[in-house]
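Engineer: The structure under discussion is supplied below as structure tokens; questions concerning it will follow.
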Amino acid sequence: IIVGTATNVCCESTARDAMMLNYRVFFVSDANACRTDAEHNATLASLMVMFADVRSTEEMIALLQKHAAPTAAAAE
């Protein structure tokens, strides 16, 4: 799950490297930042094609909750 600053530099590089190492990559669109919206959106579009599953924070939280293992306290 990739979040951070410099969407089009550090974050994109990390996403590409992770995909090349056979990780399933989630890139959180509204938890990354760039100098301009144009750079940010261009990077998201590029990543969506083959490098990462691009999701919003809300979507990512829902996905994590859906697949989370129940805790011992929740089972009681």
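Quick note on numbering: the sequence shown equals residues 21 to 96 in the working numbering.
Note that CB positions come from ideal geometry on N, CA and C, so glycine has one too.
By how many angstroms is the C-alpha of Thr91 removed from the C-alpha of Ala35?
Structural biologist: Taking the straight line joining both Cα atoms gives about 30 angstroms.
Engineer: Since I believe Phe46 is in contact with Leu67 (beta carbons under 8 angstroms), could you give me their beta-carbon distance rounded to a whole number of angstroms?
Structural biologist: That pair is no contact at about 10 angstroms.
Engineer: Have a look at the DSSP bridge pairing and note the partners of Arg36.
Structural biologist: Answer is none; Arg36 lacks a bridge partner.
Engineer: Taking C-alpha atoms, which residue in Met70, Asp50, Asn42 lies nearest to Ile81?
Structural biologist: Minimum Cα distance to Ile81 is reached at Asp50.
Engineer: From which residue to which residue does the alpha helix (DSSP H) around Ser66 run?
Structural biologist: Segment 57–70, the alpha helix (DSSP H) holding Ser66.
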